[in-house]
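*Asks:*
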């Protein structure tokens, strides 16, 4: 660890102090007296400038900033200054909840090509309330509750985005649920229906079935008649994923999933969804029956620890699946690649998918499952939870400051403890303020993937 | 040309003579007095044995046999002896019409791996009347009109096939139409819907749009709302394919089809159907828009002349398209391979497709287009017509002997002429007995592909 890698908790503690000073700002309408429109430099080195609140009228907002590629501590909480002003076609959203995605974990390690170089704010999705509307925006107004899909930059208290990247939240949908929807459900929908072309009576393999896309895909599978879902996850999650619709849960850590699938379905599968990459793409391809489709949409296998793992990368690249036209023809197979981050110009396509998802949501056929919620101060722990595959469902980040109440001393003690045991995930449990369920997961061996 | 390559016309003339002796056999019920069940050797060298009809009760039937790999003359008309007896699950069909496919042309040159080594009877489809039913066949009876899909062996007057390879012809469908349906429409349906996943408002590129699969695909495109069809064909066929539903006909011989497509649809296409292989597969892949699908289902580019062209094969192989998982992901594309010949174990899948096709046929949404019909004696000319891309629609072979009427002398003169000008396709015109249309095609330069 280089000296540059300041521990996340130190940074966090510092941020928390500065944040308590700005946390009481109004939540919907911006202050008209704010004049400054320049943002404070995002680099963490200069963030301490925010320690001295210059004048009362300065508009500030909390923002998570990736300061460099590396471990969990590279994402730092900063306070930005300057009231965002929407340009033509843009809206400003007061963010209530943000989604954490695998791409964010890859981005932190410098492995996600759709995230610009640090310093940069990560985050591809959030939900919130529209606070200002730019010119030429006709279908959004101040006060609209929306969820947002964007290439990056959503982990902030206030975001400015193109209006066509926002989607109206339906009545009755909560902000956390709304923030859990875009990336996972758009991905699951497009890989299953647009690429996989799922039909009645077919069989699907869902890797990481307890993850965000996994749960979304399982729910979407059951919008089609008589679909059989094979889902991999660690054994402790089997009950939950079975209840969620996985027909055959497979513990990939104690069993060879290829053999397990063949035992039940000797001819193979109609669709394999592959978020893993490397040798698992080969395995998936071989598991297809004639007319089967492999949809590869990630390379989770490259993510093995906090920091970039060159060996895992090399292995994944070396084992990268490649196929030629004749092989595909002779086996009657399809190989599809999906990457939501590269569809950011396809507003219309995405809007159509979101419309279908909201329709299914209204019918009660899909429902995002929130694993746990974490304040911005806890982003490191939130990332750890996902990276170590302890989540069942979506990990959500909340921009609102963590309440510092009477237990403050207790928490400070915990912070100290954390300093000592930073790499030990057992601490995580005590750090979770709002985790909803899955407590039983905590004491599991560390799974490599779900 | 080796001495082995006996000119097709000589062989044909000989066959015709012997055929006149057996052409009056009954068309539906087999003669009970037939005892011999052994087939005459299929090799052409021994076929002359059939010249001397042994006894009146011997059951014989006309069969086209590929005697070796090479030019048009390698497919010879023979008479086989012995009454076929259906085994369990089989039926015997009195064939009325057979379909000619690209795979048969490749097979003749030794380029189709699903056709066994010569001597062998080619032909993947036919229509006719069930003449005998084996044990355990419950859903077919003598007298049923059926069309048949089989890996090979359909170019015979009588065929014995598994009952589940036969499909009942609907009321009002003629034998020629029925023989034109299986290969082209099953292929077009599966590549467009099961692999291409065609949706409303999408765009499709159909190569060889005047060919059997091309016409089927164009008709099927229009069963979905607002689909735009780009179709390549030589200019003289544009009127016909436009009437058939091609929105933008492109003359691939005088224009770069990639440029032509880009002019009309700058973002590219949703689906490219690729029967060509080699560099055209690359072009097709590059023409896809995000979420687009390339379906490769042939390698027509290897077929450039009567005999195997090593250079064309090498070029097609050298340019064979290959793609890796990361490229597919980053471009959000799909690459699918289709080969009906390798789906011969998938009865259920095929039956479902046929059921959907018959439903569309009943609704008047699809209708096979027969380009021309040829008697078995004319198989060489029929193959030439297809190989030189002069057909618009399906080329059909008829097992029934060519009627030898008063014009016999005239025909003999033509045969002589053919001897002189065997490689000249201008002769073809005079050889066509029942060609339905497309006369204007005859004097075209030889197209390489449509």
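Chains as they are written, first to last, in the UniProt record's numbering: chain V, 1 to 450; chain Z, 1 to 450. All residues carry an ideal CB built from backbone N, CA and C; glycine is no exception. Computed from a predicted structure; not experimentally measured.
1. Is it true that the stretch 318–336 of chain V meets the stretch 117–128 of chain V, where meeting means three or more beta-carbon pairs spaced less than 8 Å apart?
2. Quick check: the stretch 204–219 of chain Z against the stretch 229–249 of chain Z, are there 3 or more CB pairs under 8 Å?
3. To the nearest angstrom, how far is the alpha carbon of residue 142(V) from that of residue 310(V)?
4. In this structure, how does DSSP classify residue 371(Z) when only helix, strand and coil are distinguished?
5. Tell whether a beta-carbon distance below 8 Å holds between residue 186(Z) and residue 395(Z).
6. What is the rounded straight-line gap between the Cα of residue 349(V) and the Cα of residue 292(V)?
7. Less than 7 Å between C-beta atoms, sequence neighbours within five positions excluded: which residues of the same chain meet that for residue 84(V)?
8. How many Å lie between residue 272(Z) and residue 294(Z) at the Cα?
9. Please list the partners that residue 331(Z) has in chain V, where partner means a Cβ-to-Cβ separation under 9 Å.
10. Residues in the same chain with beta-carbon distance under 8 Å from residue 254(Z), minus the five sequence neighbours each way, listed in chain order, please.
11. Using a threshold of 8 Å, state whether the C-beta atoms of residue 97(V) and residue 127(V) are closer than that.
12. DSSP state of residue 57(V), grouped into three classes?
13. Quick one: residues in its chain with C-beta nearer than 6 Å to the C-beta of residue 201(V), no 5 flanking neighbours on either side, listed in chain order?
14. Residue 347(Z) versus chain V: which residues are under 8 Å apart at the beta carbon?
15. Check for me: the alpha helix (DSSP H) holding residue 116(Z) runs from which residue to which?
16. My output table needs one value for residue 136(Z): the three-state DSSP class, helix, strand or coil.
17. How long is the line joining the alpha carbons of residue 107(Z) and residue 62(Z), rounded to whole angstroms?
18. Kindly identify the DSSP beta-bridge partner or partners of residue 127(V).
19. Tell me, which residues are paired with residue 396(Z) by DSSP?
20. DSSP puts residue 167(V) in a beta bridge; with which residues?
21. Taking C-beta pairs closer than 8 Å, name the residues in chain Z that residue 297(V) reaches, listed in chain order.
22. What residues from chain V crowd round residue 324(Z), counting only those whose CB sits closer than 7 Å?
23. So with CB distances below 7 Å, who are the chain Z contacts of residue 277(V)?
24. Buried or exposed: where does residue 266(Z) fall if 16 or more other Cβ atoms within 10 Å of its Cβ makes it buried?
25. Using a threshold of 8 Å, state whether the C-beta atoms of residue 162(V) and residue 90(V) are closer than that.
26. Just the Cα atoms here: how many angstroms apart are residue 240(Z) and residue 361(Z)?
27. Suppose you measure from the CA of residue 95(V) to the CA of residue 326(V); what does that come to, to the nearest Å?
28. So, with DSSP's three-state summary, where would you put residue 248(Z)?
29. Which chain Z residues are close to residue 290(V), counting only those with a beta carbon under 9 Å from its beta carbon?
30. Hey, residue 277(Z) and residue 299(Z) are a contact pair by Cβ (cut 8 Å); roughly how many whole angstroms apart?
31. On a CA-only basis, which of 376(Z), 212(Z), 250(Z) is nearest residue 72(Z)? Give me that one, please.
32. Run down chain V in chain order and give the residues with a C-beta less than 7 Å from the C-beta of residue 164(Z).
33. In angstroms, rounded to a whole number, what distance separates the CA positions of residue 371(V) and residue 384(V)?
34. Mapping the DSSP letters down to three states, classify residue 183(Z) as helix, strand or coil.
35. For residue 195(Z), go through chain V and note every residue whose CB falls closer than 7 Å to its CB, in chain order.
36. Have a look at the DSSP bridge pairing and note the partners of residue 271(Z).
*Replies:* This is what the structure holds:
1. When C-beta atoms of the stretch 318–336 of chain V are compared with those of the stretch 117–128 of chain V, fewer than three pairs fall below 8 Å, so the two segments do not count as touching.
2. The stretch 204–219 of chain Z, when compared against the stretch 229–249 of chain Z, does touch it at the 8 Å Cβ threshold.
3. Locating residue 142(V) in the first chain gives position 142, counting from the first residue. Locating residue 310(V) in the first chain gives position 310, counting from the first residue. So the two alpha carbons sit approximately 47 Å from each other.
4. As a first step, residue 371(Z) must be located in the second chain, where it is residue number 371. For residue 371(Z), the secondary structure class from DSSP, reduced to helix, strand or coil, is strand.
5. In the second chain, counting from the first residue as 1, residue 186(Z) sits at position 186. In the second chain, counting from the first residue as 1, residue 395(Z) sits at position 395. Taking 8 Å as the Cβ cut-off, residue 186(Z) and residue 395(Z) do not qualify as a contacting pair.
6. As a position in the first chain, residue 349(V) is number 349, starting the count at 1. As a position in the first chain, residue 292(V) is number 292, starting the count at 1. Rounded to whole angstroms, residue 349(V) to residue 292(V) spans 24 Å at the Cα level.
7. Position 84 of the first chain, counted from the first residue, corresponds to residue 84(V). In its chain, beyond the 5 residues on either side, 92, 158, 160 have a beta carbon closer than 7 Å to the beta carbon of residue 84(V).
8. Taking the second chain and counting its residues from 1, the one referred to as residue 272(Z) is at position 272. Taking the second chain and counting its residues from 1, the one referred to as residue 294(Z) is at position 294. Approximately 5 Å, taken between the alpha carbons.
9. For the purposes of this step, residue 331(Z) is identified with residue 331 of the second chain, where counting begins at 1. Result: 337, 339, 342.
10. The residue given as residue 254(Z) occupies position 254 in the second chain. So the qualifying residues of the chain are 235.
11. Indexing the first chain from 1 puts residue 97(V) at position 97. Indexing the first chain from 1 puts residue 127(V) at position 127. Yes, Cβ-Cβ distance for residue 97(V) and residue 127(V) is below 8 Å.
12. The residue given as residue 57(V) occupies position 57 in the first chain. Coil, per DSSP.
13. Looking up residue 201(V) in the first chain gives position 201. Counting only Cβ-Cβ distances below 6 Å, and skipping sequence neighbours, we find 226.
14. Start at 1 with the first residue of the second chain, and residue 347(Z) comes out as number 347. None at all; the shortest Cβ gap to chain V is about 12 Å.
15. Walking along the second chain from the start, residue 116(Z) turns up at place 116. No alpha helix (DSSP H) holds residue 116(Z); DSSP gives it neither H nor E.
16. The residue labelled residue 136(Z) in the question sits at position 136 within the second chain. DSSP places residue 136(Z) in coil when its eight states are reduced to three.
17. Within the second chain, numbered from 1, the residue matching residue 107(Z) stands at position 107. Within the second chain, numbered from 1, the residue matching residue 62(Z) stands at position 62. Their Cα atoms are separated by approximately 20 Å.
18. What you label residue 127(V) is simply residue 127 of the first chain in a count that begins at 1. The beta-bridge partner set that DSSP reports for residue 127(V) consists of 97(V), 147(V).
19. Position 396 of the second chain, counted from the start, is the residue given in the question as residue 396(Z). Bridge partners of residue 396(Z): 99(Z), 373(Z).
20. In the first chain, the residue the question calls residue 167(V) occupies position 167. Its beta-bridge partners are 147(V).
21. The residue given as residue 297(V) occupies position 297 in the first chain. Within chain Z, the residues near residue 297(V) are 329.
22. If you number the second chain from 1, residue 324(Z) lands on position 324. Simply 320, 321, 322.
23. In the first chain, residue 277(V) corresponds to position 277, counting from 1. Result: 325.
24. Within the second chain, residue 266(Z) is the residue found at index 266, counting from 1. So residue 266(Z) counts as exposed.
25. Residue mapping note: residue 162(V) aligns to position 162 of the first chain, counting from 1. Residue mapping note: residue 90(V) aligns to position 90 of the first chain, counting from 1. Yes, they are a contact pair.
26. Counting from one through the second chain, the residue named residue 240(Z) turns up at place 240. Counting from one through the second chain, the residue named residue 361(Z) turns up at place 361. If you take the alpha carbons of residue 240(Z) and residue 361(Z), they lie about 20 Å apart.
27. For the purposes of this step, residue 95(V) is taken as residue 95 along the first chain, with counting starting at 1. For the purposes of this step, residue 326(V) is taken as residue 326 along the first chain, with counting starting at 1. Computed Cα separation, rounded: 50 Å.
28. Taking the first residue of the second chain as 1, we reach residue 248(Z) at position 248. In this structure, residue 248(Z) counts as strand in the three-state DSSP scheme.
29. Taking the first residue of the first chain as 1, we reach residue 290(V) at position 290. Neighbours of residue 290(V) on chain Z, chain order: 342, 343, 345, 346, 349.
30. Residue mapping note: residue 277(Z) aligns to position 277 of the second chain, counting from 1. Residue mapping note: residue 299(Z) aligns to position 299 of the second chain, counting from 1. About 3 Å separates the two Cβ atoms, so the contact holds.
31. Numbered from 1 along the second chain, position 72 holds the residue referred to as residue 72(Z). That would be 376(Z), whose Cα lies nearest to the Cα of residue 72(Z).
32. Position 164 of the second chain, counting from 1, holds the residue named residue 164(Z). Here the premise fails: no neighbours, minimum Cβ distance about 16 Å.
33. What you label residue 371(V) is simply residue 371 of the first chain in a count that begins at 1. What you label residue 384(V) is simply residue 384 of the first chain in a count that begins at 1. Straight-line Cα distance between these residues: approximately 13 Å.
34. Position 183 of the second chain, counted from the first residue, corresponds to residue 183(Z). Residue 183(Z) carries a helical assignment under DSSP once its states are collapsed to helix, strand and coil.
35. As a first step, residue 195(Z) is located in the second chain; it is residue number 195 there, counting from the start. Residues of chain V passing the Cβ test: 334.
36. Position 271 of the second chain, counted from the start, is the residue given in the question as residue 271(Z). Beta-bridge pairing links residue 271(Z) to 204(Z), 293(Z).
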